[in-house]
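Structure, as structure tokens:
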Ligand code: GUN
Ligand code: ZN
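Numbering (my numbering), first residue to last: 229 to 677.
Structure below.
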């Protein structure tokens, strides 16, 4: 970062093993993966990729570009986290509770601490640092219920260089009084924040009703009104996560045919609207999500941790619903999206014939392109094709680690990716780049030019 707080790109040819999934593996199978053992990514001065392929060819096509020699590293597109909560880092690891008790007893009280602006500022910086340290370059972030805490968050997000969409979370009952709002305030505060922050650099605004358990029709209508007036904003919420939650919503909205219908009635379901979880959807809800072009953020460690259930991936795929991946910190067990991909695989494998058999190509797709498409960044990031922004993760196993030992024997991209998905976590992320600029560098990694 420079003194002005901006991360600047530098034209270069980055040499390393390179793997990405530019085509949909659910449609194309294993052929969707593209990889080069001795590969290179050429980054132009504007931070965009203008070439990718075999190192010798890329270097010869760009003889004047400085070479950043990272042979030994594995370069992947930056990860896209479609659902993670900024005010929940301190809640990670609150074992032993199902969703509604976990919220009441552990999470809402912690989120109330974000009324303290200095606390919110510190947590915002920590949260963003953890995203970059885990290879996440773009995220749809569930925010706080406090407007000043969101102002602090957007301010820190701008400095971080990451691509962040977020918004003020709103609810009007079933939470500590200090976190509840009114429909007038919900609209006014969100509109002001959206005006200030949406489309400012890499930041965007997401209209964020908490969920239908804590939002009445007034607050949902305020969200719907803002989303209608400013269709370029994102919308995000929670849906069909646990059976007890669904029963609560059905009791609160007896006139609606199901959980999704509550959001539909307020105009909150459509493209670039992302609903976290959807562990227990009806077939009808899946059809309507698909028809609307809305996305589901699958949060596998969270679903296992809270005992919410096993995500019905195959039903989502068959219905044509977009699925992306979310870490859902703090019900999720870490900000490491790589770990979420492993848990997605484990969950589906555990379902036997009902499960969706996920390959390494599917998992890299979920980590990258699927998320980019879901949060409206599909034209900008998600793979390493020329024209995309150079948002990259460099995986370098720490010396002596299990990952280093496994990679010694890994031949071909499937084995290399498999090793990374099984074993790479925060400690294996050597660098994270956004738009050709380094936003995170592990402390033991020297600056290589
Ligand atoms: N539903 C409403 N709020 C939350 C939350 O913070 N975490 C999870 N997992 N589900 C929710
Ligand atoms: Zn969530």
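Here a beta-carbon is modelled for each residue, glycine too, at the ideal position from N, C-alpha and C.
In whole angstroms, give me the CA-to-CA distance for residue i and residue j.
i	j	result
residue 493	residue 507	21 Å
residue 440	residue 476	9 Å
residue 641	residue 262	8 Å
residue 677	residue 661	Here residue 677 scores only 45 on pLDDT, less than 50, and its place in the model should not be relied on; the value that follows carries that caveat. Residue 677 and residue 661: Cα-Cα distance of roughly 15 Å.
residue 542	residue 591	14 Å
residue 186	residue 623	The requested residue 186 is not part of the displayed model; the chain covers only 229 to 677.
residue 487	residue 437	14 Å
residue 231	residue 387	Annotation note: pLDDT 45 at residue 231 (below 50); position unreliable, coordinate value reported separately. Taking the straight line from one Cα to the other gives about 11 Å.
residue 404	residue 575	34 Å
residue 518	residue 290	43 Å
residue 320	residue 286	43 Å
residue 243	residue 617	17 Å
residue 468	residue 509	6 Å
residue 398	residue 416	11 Å
residue 385	residue 347	16 Å
residue 530	residue 638	30 Å
residue 670	residue 303	15 Å
residue 610	residue 545	20 Å
residue 266	residue 246	8 Å
residue 248	residue 474	38 Å
residue 596	residue 483	39 Å
residue 241	residue 659	15 Å
residue 654	residue 448	37 Å
residue 524	residue 540	11 Å
residue 378	residue 344	12 Å
Quick one: give me the first and last residue of the alpha helix (DSSP H) that residue i is part of.
i	result
residue 408	That residue, residue 408, is in no alpha helix (DSSP H); it is neither H nor E in DSSP.
residue 634	630–635
residue 533	528–533
residue 446	445–457
residue 644	641–651
Could you tell me whether any non-hydrogen atom of the ligand ZN is closer than 8 Å to the CB of residue i?
i	result
residue 508	no
residue 504	yes
residue 512	no
residue 556	yes
residue 559	yes
residue 408	no
residue 370	yes
residue 466	yes
residue 373	no
residue 530	yes
residue 426	no
residue 313	yes
Using DSSP bridges, identify the partner residues of residue i.
i	result
residue 434	462
residue 661	620, 666
residue 323	Answer by DSSP bridge pairing: none, since residue 323 is not bridged.
residue 192	Residue 192 lies beyond the stretch modelled for the chain, which goes from 229 to 677, so this question has no answer here.
residue 296	242
residue 364	307
residue 264	246
residue 594	Note: residue 594 sits in no beta bridge, so no partner.
residue 607	Paired residue(s): none; residue 607 is not in a bridge.
residue 550	523
residue 395	370
residue 387	None; residue 387 has no bridge partner.
What residue range does the beta strand (DSSP E) around residue i cover?
i	result
residue 601	No beta strand (DSSP E) holds residue 601; the alpha helix (DSSP H) holding it covers 597–602.
residue 243	240–248
residue 507	From DSSP, residue 507 is part of no beta strand (DSSP E); its letter is neither H nor E.
residue 258	From DSSP, residue 258 is part of no beta strand (DSSP E); its letter is neither H nor E.
residue 281	277–282
Given the structure, does residue i come close to the ligand GUN, in the sense that its CB is under 8 Å from one of the ligand's heavy atoms?
i	result
residue 469	yes
residue 527	yes
residue 317	no
residue 439	yes
residue 243	no
residue 442	yes
residue 423	no
residue 327	yes
residue 565	no
Taking 9 Å as the CB-CB limit, is residue i close to chain B?
i	result
residue 606	Absent from the structure is chain B; it holds one protein chain and no more.
Open item on the list: For the segment 233–246 against the segment 655–670, do three or more pairs of beta-carbon atoms, one drawn from each stretch, fall closer than 8 Å, so that the two count as touching?
Closed with: yes
TODO: Report yes or no: do three or more beta-carbon pairs, one from the segment 306–325 and one from the segment 363–371, lie closer than 8 Å?
DONE: yes
- [ ] Give a yes or no on contact between the segment 556–564 and the segment 605–621, applying the rule of three or more CB pairs nearer than 8 Å.
- [x] no
Task: Three or more C-beta pairs below 8 Å linking the segment 621–640 and the segment 393–408 - done: no
Open item on the list: Closer than 8 Å is the cut-off here; do at least three beta carbon pairs connect the segment 313–333 with the segment 266–279?
Closed with: no
Open item on the list: Does the contact criterion of 3 or more C-beta pairs under 8 Å hold for the segment 642–662 versus the segment 400–419?
Closed with: no
Task: Three or more C-beta pairs below 8 Å linking the segment 407–424 and the segment 448–461 - done: yes
Open item on the list: Measuring CB atoms only, is the segment 323–330 touching the segment 258–272, in the sense that at least three cross pairs come out at less than 8 Å?
Closed with: no
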